[in-house]
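Colleague:
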Amino acid sequence: MTSVERPWTLRVDRRTPEMASVELGGVWRKEHRLPDPSEVLREIQGAAPVHHLSFDTSHLTDWDSGLVTFASRVFAEARALGIASDRAGLPDGAQRLLRLAEAVPERQTRQSGRPPSWLARIGTRATAGWTASVVGLTFLGEALLALGVLFRGRARFRLVDLLSVIQECGPRALGIVSLISFLIGLILGFVGAVQLEQFGASIFVANLVAIAMTREIGCIMTAIVMAGRTGAAFAAQLGTMNTNQEIDALSTMGISPTEFLVLPRMLALILMMPLLTIYADLVGIVGGAVVGIGMLGLGPTEYFEQTRGAVNLASFFIGVSKSVVFGVLVALVGCLRGMQSGRSAAAVGLAATSAVVTSIVLIIVMDGVFAVILNALSL
Amino acid sequence: MAPDVTPQPPRITVDGLTMAYGSFVIQHDISFTVTPGEIFVVMGGSGSGKSTLLSHMVGLHAPAKGDVLYDGRSFCHAGDEEREQLRRRLGVSYQGGALWSSMTLAENVSLPLETFTELSPKQIGEIVSLKLALVGLAGFEEFYPSEISGGMLKRAGVARAMALDPDILFFDEPSAGLDPISSRRLDDLILELRASLGATMVVVTHELASIFAIADRAVFLDAETRTMIALGNPKKLRDESPEPRVRAFLTRGGPDAGGSTR
């Protein structure tokens with residue numbers, strides 16, 4: 000090996016059989032692939048056990064923390080083997096760094112403990128799940144109480160906040176809601192057309208699209224769009240406010256964060272969700288009509304008459320009432336996750352993610368619950 | 000200022016307070032009183048639970064044990080109504096200002112006034128301008144919190160804390176993250192507000208210069224034993240405390256290490 004590849008030198012000098020002096024020379028920097036301290040020690044011990052170890056660095060030209068790491072590991076392993084070691088031979092700066100590193104003893108932190116057993120983990124998960132549901136229900140209760148306070152005309156929030164949230168989650172969502180529901184209507188129409196054409200029942204595409212949109216898909220798609228768009232925004236906003244102690248500032252001021260922050264957001268979605276859903280229903284029906292009229296060659300009047308006959312008031316109202324429930328759900332989950340958020344950038348990101356995931360899961364579950372209830376009521 | 004001499008009933012009583020997150024005790028058996036008009040400092044090393052003590056005193060956390068009383072009335076065990084009343088007498092200035100970021104400085108200061116008083120918008124506007132002027136922010140009414148510096152944020156936070164003329168003001172690390180001059184000006188502001196409003200102040204800080212400049216009395220929270228180990232005037236504590244850790248803290252580690260004695 001040439002000195003270009005390995006600018007450092009290491010030589011063990013045995014002054015007496017029991018005393019070894021490690022001579023380090025050249026450049027000891029961490030980028031030069033320094034020797035493994037354990038191997039060096041093993042080699043020293045291999046010849047004959049020593050009792051005393053010292054360093055000689057008179058030929059050392061340059062060093063950095065690579066040397067310090069090497070030396071500190073040699074000392075640690077020598078101590079473990081019961082070899083006395085002397086650090087006086089090291090450069091003065093390296094000795095100081097070693098002393099500095101040893102000045103504060105290693106703290107036994109709780110993180111270093113063994114991971115808990117699987118039983119303990121299941122238990123922790125279960126109690127955490129239970130606590131989370133209690134917290135969620137408490138939050139729902141508080142929000143409903145705040146709604147009660149609102150109806151008595153004493154809720155404390157700013158009208159301008161409500162208006163800006165309404166603008167953000169209503170008109171500004173029109174674009175994406177239009178696109179999604181138009182495409183969904185188109186897809187429904189297409190799937191229906193392929194199947195129904197086989198039976199010569201193409202006209203029933205209108206029924207399929209109209210009923211599916213008004214009763215189920217319109218409100219679900221709108222709710223999912225709102226969960227991703229608005230729920231995540233609520234969680235991120237409130238999470239950042241929590242990080243910045245703005246929510247604490249409200250509480251100590253005697254202003255309820257539920258009234259001041261959650262209520263306007265919930266109201267905005269209660270007002271906007273039904274409107275967006277009705278709009279989505281219409282756009283979806285138009286999407287279906289594009290297939291019905293364009294592909295199947297049905298007449299426009301015929302198609303719309305068929306649609307009008309298919310949609311009854313019940314399925315329309317079912318969709319709209321579900322959208323109100325979904326709106327409350329998206330608002331509450333977004334706000335709850337935001338207020339629960341930890342106080343760091345990563346935690347705010349997690350809060351937004353968790354808000355979207357929780358909302359979507361709850362939307363689907365609630366839709367299932369609605370389906371069962373409506374079936375029992377034979378609506 | 001010699002609050003120890005005047006036999007006044009205490010404004011704040013912290014009685015055997017134990018603070019814990021779950022089973023993890025942060026500080027236990029904290030007891031002290033604060034007399035009206037006093038500037039009381041909560042000091043201690045990083046992680047000793049100073050700010051946690053403040054959040055217990057203003058009701059953001061419920062204590063594991065013990066109580067906080069204002070003028071002899073329990074705060075931690077009060078009913079919702081009474082708690083709200085007591086709360087309105089407290090003003091809190093948070094570490095980073097904690098101004099509501101969607102509102103201008105004027106809106107920040109006026110929100111409590113709009114919420115809790117029957118004043119006309121014009122009167123509120125006048126009060127807001129006065130409070131902002133008091134903290135040296137006249138003319139910044141229409142600025143948003145993101146548009147001003149850290150020191151200004153803290154002062155705006157003080158203006159908001161004073162909005163309802165509370166008799167007790169809490170400051171969480173007022174000088175943290177400020178340059179020496181801004182920090183000194185904030186100390187002067189605290190002293191000036193006490194002298195003019197006669198408010199009682201509780202200041203959480205580990206800034207020695209601040210402690211010696213403003214504190215009438217101080218309590219030292221120790222991170223090792225997890226309780227308070229000293230209570231009294233900080234200058235006296237520095238010279239006479241039997242606890243070496245307290246003397247070390249107040250002299251930056253040792254009498255020769257150059258502890259400031261403003």
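Line by line, the protein sequences are chains A and B.
Using numbering that gives the first Met the number 0, read the first sequence as starting at 0 and increasing by one per residue.
Using numbering that gives the first Met the number 0, read the second sequence as starting at 0 and increasing by one per residue.
Here a beta-carbon is modelled for each residue, glycine too, at the ideal position from N, C-alpha and C.
Give a yes or no on whether 8 Å exceeds the smallest Cβ distance from A/E245 to chain B.
Modeller: Here residue 245 of chain A refers to the residue found at position 246 of the first sequence. Judged by the 8 Å Cβ criterion, A/E245 is in contact with chain B.
Colleague: Where B/E106 and B/L133 are concerned, what is the direct C-alpha to C-alpha distance, given to the nearest angstrom?
Modeller: For this step, residue 106 of chain B is matched to residue 107 along the second sequence. For this step, residue 133 of chain B is matched to residue 134 along the second sequence. One C-alpha to the other measures close to 16 Å.
Colleague: Do the stretch 30-46 of chain B and the stretch 208-217 of chain B touch if we need at least three Cβ pairs shorter than 8 Å?
Modeller: Touching, per the Cβ criterion.
Colleague: Out of B/T224, B/R82 and B/L192, state which residue places its alpha-carbon closest to the alpha-carbon of B/A160.
Modeller: Along the second sequence, read from residue 1 onward, the residue named residue 160 of chain B stands at position 161. Minimum Cα distance to B/A160 is reached at B/L192.
Colleague: Please list, in chain order, all residues of the same chain as A/L378 whose beta carbon is under 6 Å from its beta carbon, the five residues on each side excluded.
Modeller: As a working mapping, residue 378 of chain A is identified with position 379 in the first sequence. The residues are A313.
Colleague: Closest to B/L207 by CA distance: which of B/N232, B/D187 and B/L249 is it?
Modeller: Numbered from its first residue, the second sequence carries residue 207 of chain B at position 208. When only C-alpha atoms are compared, the closest one is B/L249.
Colleague: For B/S92 and B/S101, I'd like the C-alpha separation in whole angstroms.
Modeller: By one-based count along the second sequence, residue 92 of chain B stands at place 93. By one-based count along the second sequence, residue 101 of chain B stands at place 102. C-alpha separation (whole angstroms): 18 Å.
Colleague: Quick one: what's got a C-beta closer than 8 Å to A/R32's C-beta in the same chain, skipping five residues either side?
Modeller: Your numbering for residue 32 of chain A matches position 33 in the first sequence. R5.
Colleague: Looking at the secondary structure, which residues open and close the beta strand (DSSP E) in which B/Y69 lies?
Modeller: One-based indexing of the second sequence puts residue 69 of chain B at position 70. B/Y69 -> beta strand (DSSP E) spans K64 to Y69.
Colleague: I need the straight-line Cα distance from A/D63 to A/L89, nearest angstrom please.
Modeller: Looking up residue 63 of chain A in the first sequence gives position 64. Looking up residue 89 of chain A in the first sequence gives position 90. Roughly 12 Å separates the two Cα atoms.
Colleague: Excluding sequence positions up to five away, which residues of its chain have a Cβ less than 8 Å from the Cβ of B/T17?
Modeller: Within the second sequence, numbered from 1, the residue matching residue 17 of chain B stands at position 18. Cβ within range, chain order: V24, Q26, H27, D28, I29, P62, A63, K64 and G65.
Colleague: Using the three-state DSSP reduction, which class does B/S47 fall into: helix, strand or coil?
Modeller: Sequence index remark: in the second sequence, residue 47 of chain B carries index 48 (1-based). B/S47: coil per DSSP, three-state reduction.
Colleague: Report the three-state DSSP secondary structure of B/H205 (helix, strand or coil).
Modeller: The sequence position of residue 205 of chain B within the second sequence is 206, counting from 1. Of the three classes helix, strand and coil, the one that applies to B/H205 here is coil, per DSSP.
Colleague: Name the DSSP beta bridge partners of A/E22, please?
Modeller: Working through the first sequence from its first residue, we reach residue 22 of chain A at position 23. For A/E22, which the question treats as bridged, DSSP gives the partners A/R10 and A/D55.
Colleague: So is B/G112 buried or exposed if we call it buried at 16+ other beta carbons inside 10 Å?
Modeller: If you number the second sequence from 1, residue 112 of chain B lands on position 113. One point to set straight first is that residue 112 of chain B is Leu, not Gly, in the sequence displayed. B/L112 is buried by the Cβ-count criterion.
Colleague: In chain order, what residues of the same chain have a beta carbon less than 6 Å from the beta carbon of B/V127, not counting five sequence neighbours either side?
Modeller: The residue given as residue 127 of chain B occupies position 128 in the second sequence. Taken in chain order, the residues that qualify are A105, V108 and S109.
Colleague: Provide the residue span of the beta strand (DSSP E) that contains B/I29, from first to last.
Modeller: Start at 1 with the first residue of the second sequence, and residue 29 of chain B comes out as number 30. Here the beta strand (DSSP E) through B/I29 covers F23 to V33.
Colleague: DSSP state of A/M294, grouped into three classes?
Modeller: The sequence position of residue 294 of chain A within the first sequence is 295, counting from 1. It is coil, neither helix nor strand.
Colleague: Decide yes or no for the touch test of the stretch 125-132 of chain A against the stretch 225-232 of chain A: beta carbon pairs closer than 8 Å, at least 3 of them.
Modeller: Touching, no.
Colleague: Could you run through the stretch 75-96 of chain B and flag, in chain order, every residue whose CB is less than 8 Å away from some CB of chain A?
Modeller: Flagged, chain order: E83, R86, R87, L89, V91, Y93, Q94 and G95.
Colleague: Please list the partners that B/P57 has in chain A, where partner means a Cβ-to-Cβ separation under 9 Å.
Modeller: The residue you call residue 57 of chain B lines up with position 58 of the second sequence. With the sequence shown as reference, residue 57 of chain B is identified as Val, and Pro is not the correct amino acid for it. Within 9 Å Cβ-Cβ: D247, S250 and T251.
Colleague: Give a yes or no on whether the minimum CB-CB distance between B/P111 and chain A is below 8 Å.
Modeller: The residue given as residue 111 of chain B occupies position 112 in the second sequence. By this cut-off, B/P111 is an interface position.
Colleague: Check B/V134 in the structure and name its three-state DSSP category.
Modeller: On the second sequence, position 135 is the one that residue 134 of chain B refers to. Correct three-state label for B/V134: coil.
Colleague: Would you call the CB atoms of A/G253 and B/R72 closer than 8 Å?
Modeller: Counting from one through the first sequence, the residue named residue 253 of chain A turns up at place 254. Counting from one through the second sequence, the residue named residue 72 of chain B turns up at place 73. For A/G253 and B/R72, no; Cβs fall outside 8 Å.
Colleague: Taking the C-alpha atoms as reference points, what is the distance between A/T8 and A/A102?
Modeller: As a first step, residue 8 of chain A must be located in the first sequence, where it is residue number 9. As a first step, residue 102 of chain A must be located in the first sequence, where it is residue number 103. If you take the alpha carbons of A/T8 and A/A102, they lie about 30 Å apart.
Colleague: Quick one: what does DSSP say B/T39 is sitting in, helix, strand or coil?
Modeller: Residue numbering aside, residue 39 of chain B sits at position 40 when the second sequence is read from its first letter. Going by the sequence as given, residue 39 of chain B is Phe instead of Thr. Strand at B/F39.
Colleague: Can you find the residues in the same chain that come closer than 7 Å, C-beta to C-beta, to B/A19, ignoring five residues on each side of it along the sequence?
Modeller: Taking the second sequence and counting its residues from 1, one reaches residue 19 of chain B at position 20. Excluding residues within five positions, the ones whose Cβ falls inside 7 Å are I25 and A63.
Colleague: Between the C-alpha atoms of A/N374 and A/S322, what's the straight-line distance to the nearest angstrom?
Modeller: In the first sequence, counting from the first residue as 1, residue 374 of chain A sits at position 375. In the first sequence, counting from the first residue as 1, residue 322 of chain A sits at position 323. Using only the alpha carbons, I get a separation of about 18 Å.
Colleague: Give a yes or no on whether the minimum CB-CB distance between A/I254 and chain B is below 8 Å.
Modeller: The count along the first sequence starts at 1 and reaches residue 254 of chain A at position 255. True, the Cβ-Cβ gap to chain B drops below 8 Å.
Colleague: Under 8 Å, Cβ to Cβ, is there at least one residue of chain B near A/R155?
Modeller: Mapped onto the first sequence, residue 155 of chain A falls at position 156. With 8 Å as the cut-off, A/R155 counts as an interface residue toward chain B.
Colleague: When you compare each of A/M240, A/I183 and A/M265 to A/G169 by their alpha carbons, which one comes out closest?
Modeller: Taking the first residue of the first sequence as 1, we reach residue 169 of chain A at position 170. Selected option, being the one with the closest Cα: A/M265.
Colleague: Around the Cβ of A/I179, are there at least 16 other Cβ atoms within 10 angstroms (buried) or fewer (exposed)?
Modeller: What you label residue 179 of chain A is simply residue 180 of the first sequence in a count that begins at 1. So A/I179 counts as buried.
Colleague: A/V360 to A/G140, Cα distance in whole Å?
Modeller: By 1-based counting over the first sequence, the position of residue 360 of chain A is 361. By 1-based counting over the first sequence, the position of residue 140 of chain A is 141. Using only the alpha carbons, I get a separation of about 20 Å.
Colleague: May I ask you to verify whether the stretch 172-190 of chain A touches the stretch 277-286 of chain A, counting CB pairs closer than 8 Å and requiring at least 3?
Modeller: Segments in contact, yes.
Colleague: For a contact meaning CB atoms closer than 9 Å, what does B/T204 contact in chain A?
Modeller: By 1-based counting over the second sequence, the position of residue 204 of chain B is 205. By Cβ distance, chain A contributes nothing, its closest Cβ being about 17 Å from B/T204, past 9 Å.
Colleague: Under a Cβ-count criterion, where at least 16 other Cβ atoms within 10 Å of its own Cβ denotes burial, should B/K235 be classed as buried or exposed?
Modeller: Position 236 of the second sequence, counted from the first residue, corresponds to residue 235 of chain B. When all chains shown are included, B/K235 counts as exposed.
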